[in-house]
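Q:
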Amino acid sequence: MDKLELLLNTFKGGNTNYPLFSLWKHFPHDDRNFERLAEAHIKFYEHHQFDLMKISPHGRYPVVDYGCKVAKEFDSITGSTSCEECTIHTFEDWEALEQVNVNDGEFGNQVKTVKILGKKLEELPKMMTIFSPLMVASKMDNNLVAHMREDKAKLKKAFFVIYKDLLEFAQSSIDAGANGLFIASQHFRKTDLTWEEVDNFEIYFIKKLIQETRKKSDFNIIHIHGQEINFNKVVETIDVDGLNWHDQLTWPTIPEAADIFSKGLLAGIDETQSLVDGDEEEIKNNILESIEMSKKLDNRVIISPGCVIPITATNESIEIISKTMHKSRKRV
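Heads up, the sequence shown is in our numbering, so the first residue is 127 and it goes up one at a time.
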């Protein structure tokens, strides 16, 4: 059984071998160049022998081709980026939004990264990070909620521009070597939007994206970002193969999530506390407890962080996780 088959069996609860694991992080500076970004991923994933790769471009990659100017600086903890200047200032800017060529520009750079990874790490299952259209829009417009309520019908037309580009980019990424998608959402929690607006602008487009990409992708994962999330709503409205959330910081716990969702769960690593501030024993205990939890749930918990691990996490701490995971397999 190859690594992809084992992963797909894990999502279905049919992995009888051992719990899988992976970590992901941002690579500041390297993520501004497609070759350096690919090399950073290769070095990280080859060294630790993870079971799954999340390809992590910089956090503003999907808005660059629309005209957003990305800051050179990055968050000192997460390694994420911000925009110095957004594309959208007025509602008329939304009406003027046009599709871009996703095989060129910044989107195209990410496709080039995937191509390198696909050739170099062909056997390792890889998922490309895709932001939901609503999440992309929020990175382009600091007054999105006000503009949404100015004319929802017209704004939804503009969202179709983003959706079509993201769909084409997702398909190009899969063609280039990605096996699946890691679809990030920040809107299944309390925000300034109503749940009706979330239904119309978040759930609607995520469902369309998944429906279309299933023709090519082997699997799709949803990342539910933030705390006090509506985990149930994701399960009830979106058909995916796995869910990733901040299980160490917010409801539900892994056992509670397993009762709600019958497929793959990506969780278990305490990336904000133990990994950064804990000693070797604390990190080991966190991983060993998660391994036992996964075994009780037919190995369908892929041991992973709730979001990108902080760039302040030391190589030594990450090494403890990978060594603990691989040592546990020798006992199987």
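Quick reminder that beta carbons are idealized off the backbone N, C-alpha and C, glycines included.
Taking DSSP as the reference, what is the three-state secondary structure of HIS349?
A: HIS349: strand per DSSP, three-state reduction.
Q: Tell me the residue span of the alpha helix (DSSP H) that contains SER454.
A: Note, SER454: alpha helix (DSSP H), 441-456.
Q: What residues in its chain sit with their C-beta under 7 Å from that of LEU250, if we drop five residues either side in the sequence?
A: LYS129, TYR171, MET179.
Q: One question on the structure: do ILE395 and SER430 come within less than 8 Å of each other, judged by their Cβ atoms?
A: Their beta carbons are under 8 Å apart, which means ILE395 touches SER430 by this criterion.
Q: Could you round the C-beta distance between VAL324 and ILE288 to whole angstroms and report it? I think they count as a contact, below 8 Å.
A: Going by Cβ atoms, the distance from VAL324 to ILE288 rounds to 16 Å, so no, they are not a contact pair.
Q: With H, G and I counted as helix, E and B as strand and the rest as coil, what does DSSP make of LEU307?
A: LEU307 falls in the strand class under three-state DSSP.
Q: Is the CB-CB distance between LYS151 and ILE435 below 8 Å?
A: Cβ distance < 8 Å, so LYS151 and ILE435 count as in contact.
Q: Threshold first: 3 residues or longer. Then list the beta strand (DSSP E) segments lying entirely within the region 274-341, N to C.
A: Segments of the beta strand (DSSP E) lying fully in the region 274-341: 306-311.
Q: Quick test of your reading: GLN175 and SER454, contact by CB under 8 Å. State the CB separation rounded to the nearest angstrom.
A: That belief does not hold up - the Cβ atoms of GLN175 and SER454 are roughly 13 Å apart, past 8 Å.
Q: Just grab the DSSP bridge partners of SER430 for me.
A: Its beta-bridge partners are GLY394.
Q: Tell me the rounded alpha-carbon separation between CYS194 and LEU247.
A: Roughly 32 Å between the two C-alpha positions.
Q: In whole angstroms, what separates the C-alpha of LEU260 from that of LYS410?
A: Each residue's alpha carbon lies about 38 Å from the other.
Q: Pull up the distance between the alpha-carbon of ALA439 and that of MET253, whole angstroms please.
A: Roughly 23 Å between the two C-alpha positions.
Q: From which residue to which residue does the beta strand (DSSP E) around LEU369 run?
A: It spans 368-371 - the beta strand (DSSP E) in which LEU369 sits, taken as one unbroken run.
Q: With a threshold of 8 Å, are at least 3 pairs of Cβ atoms found where one atom belongs to the region 348-366 and the other to the region 306-322?
A: At 8 Å Cβ cutoff, the stretches touch.
Q: How many angstroms separate the CA atom of LEU335 from the CA atom of SER299?
A: If you take the alpha carbons of LEU335 and SER299, they lie about 14 Å apart.
Q: Out of GLU161, CYS212, TYR330, VAL237, state which residue places its alpha-carbon closest to the alpha-carbon of LYS265.
A: Among GLU161, CYS212, TYR330, VAL237, the Cα nearest to that of LYS265 is on CYS212.
Q: Between the C-alpha atoms of PHE217 and ASP365, what's the straight-line distance to the nearest angstrom?
A: C-alpha separation (whole angstroms): 33 Å.
Q: Alpha carbon to alpha carbon, how far is VAL271 from LYS169? Give it in angstroms, no decimals.
A: In a straight line, the C-alpha of LYS169 is about 41 Å away from that of VAL271.
Q: For the 8 Å Cβ check, are there 3 or more pairs between the region 225-236 and the region 281-296?
A: With a cut-off of 8 Å, the region 281-296 and the region 225-236 count as touching, because enough Cβ pairs lie within range.
Q: Thinking just about the alpha-carbon of each residue, which of SER148, ASP157, THR379 is nearest to the one in SER206?
A: The shortest C-alpha separation from SER206 is found at ASP157.
Q: Whole angstroms are fine: how far does the CA of ILE242 sit from the CA of GLN337?
A: For GLN337 and ILE242, the distance between alpha carbons rounds to 27 Å.
Q: For MET419, which residues in the same chain have their Cβ closer than 8 Å to its Cβ, ignoring the five residues on either side in sequence?
A: The residues are ILE380, PRO381, GLY394, VAL427.
Q: Taking ASN141 as the reference, which of ASN441, GLY390, LEU414 has the closest Cα?
A: When each option's Cα is compared against that of ASN141, the closest is GLY390.
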